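Below is one structure; the comments refer to it alone.
2 protein chains.
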Amino acid sequence: MQLRGPVEWALHCCAVLAGLAPGRYLPTRDLADFHGVPKEYLSKALQALSQAGIVESTLGPSGGYRLARAPDRITFLDVVEAVEGRTPSFVCTNIRRNNPCLSPAEVKSLCTDAKPCAIARVMWDADRAWRDKL
Amino acid sequence: MQLRGPVEWALHCCAVLAGLAPGRYLPTRDLADFHGVPKEYLSKALQALSQAGIVESTLGPSGGYRLARAPDRITFLDVVEAVEGRTPSFVCTNIRRNNPCLSPAEVKSLCTDAKPCAIARVMWDADRAWRDKL
DNA sequence: ATCCTTAAGGATATTGTATATCCGCAATGC
DNA sequence: GCATTGCGGATATACAATATCCTTAAGGAT
């Protein structure tokens with residue numbers, strides 16, 4: 001279970017943008033050169049940040065990106081979730097229901113929304129603890 | 135960032151083995167049938183658990199797996215790390231060092247073991263919080 | 001002793017996702 | 001008008017996850 005390159009890039013880009021002079025924009029090319037990462041691919045991560053409302057952009061010469069709000073109002077979680085998505089790190093596929101010994105009625109009562117299995121609960125708690133730290 | 139099928143299987147297998155009569159073994163085939171997952175692939179996860187000393191195995195008829203110690207001495211983290219590995223969820227690739235504006239001396243002083251960059255520190259703290267919950 | 005069963009581990013095929021690039025479009029500033 | 005830039009779609013490539021197969025060695029039953 002590992003976070004991808006784009007997440008690291010997005011975090012560092014935000015750090016750079018946080019130090020940018022007010023009103024200025026920084027284009028993708030500069031951010032890419034600055035970090036030594038592929039410009040076109042980094043662009044995807046920046047677009048995700050843009051759609052999440054973390055950064056805002058302007059077109060044309062002297063265009064680029066800047067933070068959409070004060071740095072202290074942007075959390076690591078904001079950036080990570082914008083790029084990586086919001087799906088929890090553990091997905092319960094209800095494999096307990098595959099037990100061939102169970103009757104259909106028993107299957108239906110397993111891992112319902114009201115009472116997820118204990119394993120999923122623990123994994124989800126840990127996932128929440130992780131996100132709370134970001 | 136998502137945990138894979140084998141991790142979920144391993145957790146459920148340990149749960150099943152925890153309810154096994156003392157001294158008994160449960161073969162891979164039964165665990166696979168019970169959970170409706172491919173036997174050969176599940177076998178790899180069980181081998182990982184075995185190598186980690188979480189379960190122990192016996193060959194021959196009536197062979198299979200059982201827990202190597204009491205269930206309350208096996209944590210979720212033990213199982214997850216045995217199957218998924220121990221590499222942290224965030225890996226710092228030191229992209230700050232790629233900055234073409236930096237002198238070689240400055241590059242060397244960035245993201246050293248003694249003083250990793252602030253971003254990596256936060257991500258590692260979150261990773262630790264996640265593992266502490268497991 | 002022989003045969004069946006089982007885990008262990010290597011090799012390999014298949015699938016899927018991450019990575020990376022390219023192109024056309026629309027908007028901005030000169 | 002023109003160069004620049006972000007945006008989104010489409011597509012190619014690389015790599016990891018998934019899944020299966022096969023051989024080996026060991027335990028148990030007859």
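Note that the protein sequences, when read in sequence, are chains A and B. Counting with the numbering used here, you get residues 1 to 134 for the letters of the first sequence. Counting with the numbering used here, you get residues 135 to 268 for the letters of the second sequence. Note that beta-carbon positions come from the ideal geometry of N, C-alpha and C, so glycine has one too. Bear in mind the structure is a predicted one, so any value in this text is a computation, not a measurement.
As computed with DSSP, R200/B is found in a beta bridge with E190/B.
About 40 Å separates the beta carbons of I208/B and A15/A, which is beyond the 8 Å limit, so they are not a contact pair.
Rounded to the nearest angstrom, the gap between the Cα atoms of F34/A and W9/A is 11 Å. Bridge pairing for L160/B: Y199/B [DSSP]. If you look at F210/B, you'll find it in the alpha helix (DSSP H) that goes F210 to E218.
The DSSP-derived three-state label of P38/A is coil. Put simply, the backbone Cα of N228/B is about 26 Å away from that of R86/A. The residues R231, in chain order, have a CB closer than 7 Å to that of V241/B in the same chain once the five nearest residues on each side in sequence are set aside.
For M123/A, the enclosing alpha helix (DSSP H) has its first and last residue at A118 to D132. Under the 7 Å criterion on CB atoms, I253/B is classed as interfacial with respect to chain A.
In the displayed model, G139/B falls within a helix according to three-state DSSP. For a Cβ distance threshold of 7 Å, residue set M1, S89 and F90 of chain A lies close to L137/B, ordered along the chain. In the pairwise beta carbon analysis, the region 122–134 of chain A is classified as not touching the region 194–205 of chain B: fewer than three pairs are separated by under 8 Å. Annotation: G36/A to L236/B spans about 12 Å, alpha carbon to alpha carbon. DSSP places P100/A outside both helix and strand once states are collapsed to three, so it counts as coil. Here DSSP, grouped into helix, strand and coil, assigns L154/B to coil.
With respect to the C-alpha of G5/A, the residue from S243/B, M135/B, V213/B and L151/B having the closest C-alpha is M135/B.
At a cut-off of 7 Å between beta carbons, V217/B makes no contact with chain A. Against chain A, a Cβ distance below 9 Å from T227/B picks out G5 and E8. Pairing E190/B with K178/B, the inter-Cα distance amounts to about 14 Å. Against L201/B, chain A offers no close residue; the least beta-carbon distance is about 15 Å (beta-carbon pairs closer than 8 Å). Comparing alpha-carbon positions, the option among E215/B, R158/B, L137/B and A186/B lying closest to D266/B turns out to be E215/B.
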